[in-house]
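In the working numbering, the protein residues as written are 569 to 674.
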């Protein structure tokens with residue numbers, strides 16, 4: 569996620585935009601925002617994005633329009649996304665009878 573300062577709305581006319589998208593797609597990443605993220609006067613640009621590497625997600629993405637900044641805030645909601653949790657192993661040590669020999673043996 570970030571402000572990449574490469575306008576993806578100009579992918580068909582700008583070499584930097586073409587190369588950036590090429591590098592993303594060739595690395596199995598894709599941008600999720602397709603509407604302008606900054607509007608200033610008559611100028612519209614798509615320079616902020618959320619980039620994912622799991623295109624199979626059921627996504628809802630977009631911009632939150634506000635006048636706090638000249639950039640809109642991007643949002644990405646993942647629907648039906650399973651989160652894998654790993655059980656944490658808790659390790660306790662009793663240091664009350666712990667000496668240099670025991671320390672070096674671990």
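From the three backbone atoms N, C-alpha and C, an ideal C-beta is built for every residue, glycine too. Since the model is a prediction, treat every value here as computed from it, not as a measurement.
- Take the alpha-carbon of residue 577 and the one of residue 651: they are about 33 Å apart.
- Bounds of the beta strand (DSSP E) holding residue 611 are 611 to 613.
- Unbroken alpha helix (DSSP H) stretches of 4 residues or longer found wholly inside the region 578 to 649: 583 to 594, given in chain order.
- Across the set 665, 627, 642, 661, the C-alpha of 642 shows the shortest separation from the C-alpha of residue 570.
- Under the DSSP definition of a beta bridge, residue 662 lacks any partner.
- Taking the CA atoms as reference points, residue 662 sits about 20 Å from residue 656.
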